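Contents: one structure, followed by commentary.
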Amino acid sequence: MSMVLIAIATLLTIAMIGAAWVTIRAKKVATAMLAAGLVSLFASVMFLFLAAPDVAMTEAAIGSGLTTFLFFFVLGRVRGGSDD
Amino acid sequence: MIRNFAVFLLLLGLGAIFLHLLDGYVPASELNQTARYYAEHTAQDLGAANIVTAIIVTYRGLDTLGEVTVLFLASTIIGMVLAQGSKRQRALQRKLPASGELLTTGSRLLVPLILLFGAYVFVNGHLTPGGGFQGGAIIASAALLVLLTDPLKRFSHKLIALVESISGLVFVGVGVLGMLLAGGFLDNRILPTGEFGALFSAGAIPLIYSFVGLKVGAEFTSMLTNLAETEKS
Chain W
397 MSMVLIAIAT LLTIAMIGAA WVTIRAKKVA TAMLAAGLVS LFASVMFLFL AAPDVAMTEA
457 AIGSGLTTFL FFFVLGRVRG GSDD
Chain S
136 MIRNFAVFLL LLGLGAIFLH LLDGYVPASE LNQTARYYAE HTAQDLGAAN IVTAIIVTYR
196 GLDTLGEVTV LFLASTIIGM VLAQGSKRQR ALQRKLPASG ELLTTGSRLL VPLILLFGAY
256 VFVNGHLTPG GGFQGGAIIA SAALLVLLTD PLKRFSHKLI ALVESISGLV FVGVGVLGML
316 LAGGFLDNRI LPTGEFGALF SAGAIPLIYS FVGLKVGAEF TSMLTNLAET EKS
């Protein structure tokens, strides 16, 4: 890997750890969900750097796309209900 | 206090283990035996340009069948669990605020394109990165966009179940055909391997992966539909 790639990968790692920290520390549930999705998004870019485009696509589609929206979906349902 | 100390000690131990792993890490300079076999034989034996797809669909096809089965079980169980809550209060539907103009127009434009892209990803699974699972997830995200725009939109359960069952049957059927006509279960050489890198090549891989894509897409869509139909208020 060239220097630039190493620098970008290091930045990505720091951003991932930061987003994960926000996920467990956030006061609002919605913020935590978005931050968790962000971890997946950074992870998928990381997989691309590690020459695994197939895994990167899965991570981006399921990890950061579907899962995040599924969480929001369920959050909306839970808030809308009165007997939860 | 003591609990915190125990957690700290545990973390320290984990850190020591990982440090040891990192310390002894030497990047592999050449492929190991299994990987070398795949890298050298995939192109001439199976005719697939994407080695990952060849491994997933042919060499480790049984594992993929297992994965698809696990996904099927998960979506079935979600349907079973949520079906209990959805029967009551069917008539009483919550008034929802209308979706924004941006979301409505954007989804009308994007949904066909997303569906097309999903189909592209799983049809070209043997040539480019991606395949059935990724394409299926992309197709399900189109269904998700439709549901976001109109939460009361209902997909046909019959259609989803039909697509899923037919895909599963074709997947297993092609696998059994491989046993009868070629080397073994899910062998892709029941169809001619064709010209390397062409769309209709790599034997049965595009066929199998297309049906895997449809199956995964149908499963995710059924999960989302079941979630959307659970009226809680």
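The listed protein sequences correspond, in order, to chains W and S. Residues 397 to 480, numbered by my numbering, are exactly what the first sequence covers, in order. Residues 136 to 368, numbered by my numbering, are exactly what the second sequence covers, in order. Idealized CB from N, CA, C, for every residue including glycine. If you're wondering where the values come from, they're calculated on a predicted model, not measured in any experiment.
Rounded Cβ spacing between residue i and residue j (contact assumed at less than 8 Å)
| i | j | result |
| --- | --- | --- |
| M429 of chain W | T464 of chain W | 6 Å |
| L349 of chain S | S302 of chain S | 5 Å |
Cutoff 8 Å; reference residue i; Cβ partners in own chain excluding five residues on either side
| i | result |
| --- | --- |
| G265 of chain S | V256, F257 and N259 |
| G318 of chain S | R324 |
| L166 of chain S | A174 |
Contacting residues, own chain, Cβ-Cβ under 7 Å from residue i (five flanking each side not counted)
| i | result |
| --- | --- |
| L250 of chain S | I274 and A277 |
| I458 of chain W | none |
| A403 of chain W | none |
| T177 of chain S | A183, I186 and A189 |
| T239 of chain S | T284 |
| F355 of chain S | G271, A272 and A275 |
| A416 of chain W | V435 |
Cβ-based neighbour list, residue i, same chain, cut-off 6 Å, excluding 5 preceding and 5 following
| i | result |
| --- | --- |
| A226 of chain S | Low confidence applies to A226 of chain S: its pLDDT is 47, below 50, so where it sits in the model is not reliable, and the reading given next is rough at best. Here the set comprises nothing. |
| G196 of chain S | L321 |
| M314 of chain S | F320 |
| Q269 of chain S | V256 |
| G370 of chain S | Nothing can be reported for residue 370 of chain S, as the shown portion of chain S is limited to 136 through 368. |
| S242 of chain S | L280 and T284 |
Contact check, residue i vs residue j, beta carbons under 8 Å
| i | j | result |
| --- | --- | --- |
| V192 of chain S | I295 of chain S | no |
| F438 of chain W | L408 of chain W | yes |
| L279 of chain S | L149 of chain S | no |
| L471 of chain W | V425 of chain W | yes |
| L217 of chain S | T365 of chain S | yes |
| Y344 of chain S | G253 of chain S | no |
Nearest neighbour of residue i, chosen from the options [CA to CA]
| i | options | result |
| --- | --- | --- |
| F290 of chain S | S:L362, S:Q269 and S:L312 | S:L362 |
| A353 of chain S | S:T211, S:T328 and S:R171 | S:T211 |
| V347 of chain S | S:T199, S:L144 and S:A163 | S:T199 |
| M412 of chain W | W:S398, W:P449, W:V441 and W:G461 | W:V441 |
| E299 of chain S | S:V351, S:P162 and S:V142 | S:V351 |
| G338 of chain S | S:P327, S:F331 and S:S345 | S:P327 |
| K293 of chain S | S:G253, S:S357 and S:V307 | S:S357 |
| L462 of chain W | S:L282, S:L237, S:V205 and S:F140 | S:L282 |
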